[in-house]
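Novice: Dropping the structure in here first, questions after.
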DNA sequence: CTAACATATGAACAGTTATTCATATGTTCA
DNA sequence: TGAACATATGAATAACTGTTCATATGTTAG
């Protein structure tokens, strides 16, 4: 039988809530949208959003821990990019709902 | 030109963050998943999740305000159901990410 | 090695949020 | 009308979270 649509158990829903929490912050969302265009360093992101380096770094950590972004070191800089296409799809789904 | 993929402006991203915040709570998520099977009254939801009526009622209000659930009165009871298919799709997208 | 730079991290604070308790609103039935 | 029931709401509290400041870690060039 196809099990994909069956009711996910409680533990998974807790994990899922944690994932959506990550999307539920405008700074993180803006970081993700910014990264959907191109790979960027921490400072480039901070400048693009006009926010402090520290703030962005803290939020990038959250995104990293949730496997929403990837990092690559190049010299002194760390270059971040979106981890997979789920990210874009989740954001688009959300936009669909908002834009009716 | 097709504009769908263009960078959403800041205001929209704030709205979007608010939407994802709603999904970022396990109680609300469980309510939504419970409602994906069938329309239920407040008490039925509370019993299904083994939580207080008041807690569920408060959270249903949040879901209502965000147009994620619909209500229908039948006598003393209020019957809630999911508002549209975006809800299920957003949850499924999230699950896809979690389950790798 | 050292200075200069990029990023990460810890502690603290302010603002937000989910839950609970108590109670109000609204509906049905006798 | 009044009692019983279902739901909604307000206030209070405890827990969580994002940002900032200060500083640590790590890298490169001289």
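Chains as they are written, first to last, in the numbering used here: chain A, 1 to 100; chain B, 1001 to 1100. Backbone N, C-alpha and C define an ideal beta-carbon position, used for all residues, glycine too.
Checking 8 Å against the spacing of the C-beta atoms, do residue 99 of chain A and residue 1026 of chain B come in under that value?
Specialist: Not in contact: residue 99 of chain A and residue 1026 of chain B (Cβ atoms no closer than 8 Å).
Novice: Counting only the same chain and skipping the five closest in sequence on each side, list residues whose C-beta sits under 6 Å from that of residue 1068 of chain B.
Specialist: Same-chain partners within the cutoff: 1083, 1087.
Novice: State the DSSP-derived secondary structure class of residue 1099 of chain B, mapped to helix, strand or coil.
Specialist: Residue 1099 of chain B: coil per DSSP, three-state reduction.
Novice: Just the Cα atoms here: how many angstroms apart are residue 1002 of chain B and residue 96 of chain A?
Specialist: Residue placement at residue 1002 of chain B is flagged as unreliable, the pLDDT there being 45, under the threshold of 50; the coordinate-derived value follows with that caveat. Their backbone Cα atoms lie some 15 Å apart in a straight line.
Novice: In angstroms with no decimal places, state the Cα-to-Cα distance between residue 80 of chain A and residue 34 of chain A.
Specialist: Those two C-alpha atoms are separated by around 10 Å.
Novice: How about residue 41 of chain A and residue 65 of chain A: are their beta carbons less than 8 Å apart?
Specialist: Not closer than 8 Å, so no.
Novice: Are the C-beta atoms of residue 1090 of chain B and some chain A residue less than 8 Å apart?
Specialist: Closer than 8 Å to some Cβ of chain A, the Cβ of residue 1090 of chain B qualifies, so yes.
Novice: Show which residues of chain A have a CB atom less than 7 Å away from the CB atom of residue 1086 of chain B.
Specialist: By Cβ distance, chain A contributes 93, 96, 97.
Novice: Three or more C-beta pairs closer than 8 Å, one from the stretch 1017 to 1026 of chain B and one from the stretch 17 to 24 of chain A: is that the case here?
Specialist: Short answer: they touch.
Novice: Taking only beta-carbon positions, decide if residue 8 of chain A is within less than 8 Å of chain B.
Specialist: So, interface residue.
Novice: Can you check DSSP and say which residues form a bridge with residue 71 of chain A?
Specialist: A:80, per the DSSP bridge assignment.
Novice: Specify the secondary structure class of residue 36 of chain A as computed by DSSP and reduced to three states.
Specialist: Coil.
Novice: Measure the CB-CB distance between residue 1089 of chain B and residue 93 of chain A and report whether it falls below 8 Å.
Specialist: Taking 8 Å as the Cβ cut-off, residue 1089 of chain B and residue 93 of chain A qualify as a contacting pair.
Novice: Just reading off the alpha helix (DSSP H) that residue 1043 of chain B is part of, what are its end residues?
Specialist: Taken as a continuous stretch (DSSP letters only), the alpha helix (DSSP H) holding residue 1043 of chain B covers 1042 to 1049.
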